[in-house]
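Asks:
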Amino acid sequence: MTACKTLGRVHSVESFGLVDGPGVRYVIFLQGCALRCQFCHNPDTWDLHNPSAGESEASALLEQALRYKKYWGKDGKNGGITVSGGEPMLQLPFVTELFALAHQKGVHTTLDTAGQPYREGADYQPGFEQLMENTDLVMLDLKAMETDLHKRVTGMGNDNILALARRLSDMGKPMWIRHVLVPGLTDDADDLRRMADFIRTLKTVEKVEILPYHTLGLSKWKKLGFAYPLEGVPTPTKEQVQQAETLLGIQK
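Residue numbers (this note's numbering): 5 to 256.
(1) Use the C-beta contact count for Glu-210: other C-beta atoms within 10 angstroms, 16 or more gives buried, fewer gives exposed.
(2) Here's a check: name, in chain order, each residue in its chain whose Cβ is nearer than 7 Å to the Cβ of Ser-19, leaving out the five neighbours to either side.
(3) Around the C-beta of Pro-55, are 16 or more other C-beta atoms found within 10 angstroms, so that it is buried, or is it exposed?
(4) Can you give me the C-alpha to C-alpha distance between Cys-37 and Thr-158, rounded to a whole angstrom?
(5) In whole angstroms, what separates the C-alpha of Ser-223 from that of Asn-46?
(6) Excluding the 5 residues preceding and the 5 following Val-99 in the sequence, name in chain order all residues of the same chain whose CB lies nearer than 8 Å to its CB.
(7) Kindly list the residues whose CB is nearer than 7 Å to the CB of Trp-76, restricted to its own chain and excluding five residues on each side of it in sequence; keep chain order.
(8) Is the distance from the Cβ of Arg-204 to the Cβ of Met-149 below 8 Å?
(9) Between Leu-70 and the rest of its own chain, which residues show a CB-CB distance below 7 Å, the 5 nearest in sequence each way excluded?
(10) How far does the beta strand (DSSP E) with Ser-56 in it reach, from first residue to last?
(11) Quick one: Cα of Arg-182 to Cα of Thr-250, how far?
(12) Figure out for me which residue from Ala-193, Phe-230, Gly-176, Tyr-232 has the closest Cα to the Cα of Ala-342.
(13) Can you tell me the Cα-Cα spacing of Glu-59 and Val-14, whole angstroms?
(14) Tell me, please, which residues DSSP counts as bridged to Tyr-75.
(15) Rounding to the nearest angstrom, what Cα-Cα distance links Lys-9 and Val-186 in this structure?
(16) Which one of Pro-238, Leu-196, Thr-241, Gly-176 has the shortest CA to CA distance from Val-142?
(17) What does DSSP give as the partner residue(s) for Ile-32 in the beta ladder?
(18) Mind checking Asp-163: buried by the 16 CB within 10 Å criterion, or exposed?
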């Protein structure tokens with residue numbers, strides 16, 4: 005009798021991602037997310053059980069990714085695999101298996117997460133620590149610092165997300181911090197200053213990025229029949245992006 009293998013719910017893949025970690029990345033977008041970010045450009049990933057999502061074994065998915073290994077630089081040191089979403093930590097056992105197999109092949113692994121599933125309880129930590137043993141880099145989205153603002157932006161609080169950032173720092177896990185800048189929503193100067201203060205308490209942040217809000221996901225909201233909450237909100241100007249970068253202490 006063969007053991008059951010963990011199946012991942014996969015939304016889509018991108019063969020040549022250039023903004024999802026260091027180098028050229030094979031990006032795997034998993035299905036499922038509990039956050040309801042007003043600016044989400046992949047609302048079709050929210051439902052974990054969306055029947056349009058495919059299922060895949062970790063070994064099969066890795067085999068697909070390895071077809072592109074020649075683009076990851078000499079010895080695979082300038083690229084690798086990034087798992088995004090949706091929220092990949094909702095499928096923690098699958099991502100852990102995939103990353104463990106990737107490490108056996110010498111492949112760099114990046115986890116792109118908003119951190120919402122993280123829990124500090126003792127029952128959650130063993131599985132989380134196993135995932136981190138096979139994760140080279142965590143790209144963590146910080147939507148907002150102030151709790152009420154975070155709830156307005158995402159529908160949920162952020163205590164567990166900030167706890168995740170502190171845990172990653174204590175574990176010595178390299179992090180990139182990213183923040184989506186939406187005019188009139190996530191550009192509050194005081195909140196950005198608080199975010200900068202928080203980031204400075206973390207010991208392993210290698211990079212901080214501003215992601216300017218865009219409307220590329222608007223058609224998906226309409227196709228799904230969802231009311232788009234940011235209708236009419238403009239993309240941030242170059243000056244607004246630069247101001248946010250200054251407040252977050254980003255130097256270029």
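Virtual Cβ for every residue (Gly too), placed ideally from N, Cα, C.
Being a predicted model, the structure only gives us computed values, none of them experimental.
Replies: Answer, in terms of the structure:
(1) Label assigned to Glu-210: exposed.
(2) Closer than 7 Å at the Cβ level, and outside the excluded window around Ser-19, lie Tyr-30, Tyr-72.
(3) Exposed.
(4) Going from the Cα of Cys-37 to the Cα of Thr-158 covers about 11 Å.
(5) Going by the C-alpha atoms only, they are around 10 Å apart.
(6) These residues qualify, in order along the chain: Gly-12, Leu-34, Val-87, Pro-92, Met-93, Leu-115, Leu-135.
(7) Excluding sequence neighbours, Trp-76 sits near Gly-27, Val-28, Asn-82, Gly-83, Gly-84.
(8) Against a cut-off of 8 Å, the Cβ pair of Met-149 and Arg-204 comes out as no contact.
(9) Excluding residues within five positions, the ones whose Cβ falls inside 7 Å are Lys-109.
(10) The continuous stretches of beta strand (DSSP E) do not include Ser-56, and DSSP gives it neither H nor E.
(11) Cα to Cα, the separation comes out at about 14 Å.
(12) Nothing in the structure corresponds to residue 342, since the chain is present only between 5 and 256.
(13) Each residue's alpha carbon lies about 6 Å from the other.
(14) Residue pairing by DSSP places Tyr-75 in no beta bridge whatsoever.
(15) Approximately 41 Å between the Cα atoms of the pair.
(16) Ranking Pro-238, Leu-196, Thr-241, Gly-176 by Cα distance to Val-142 puts Gly-176 first.
(17) Note: Ile-32 sits in a beta bridge opposite Val-17, Val-87.
(18) By the beta-carbon neighbour count (other beta carbons within 10 angstroms, threshold 16), Asp-163 is exposed.
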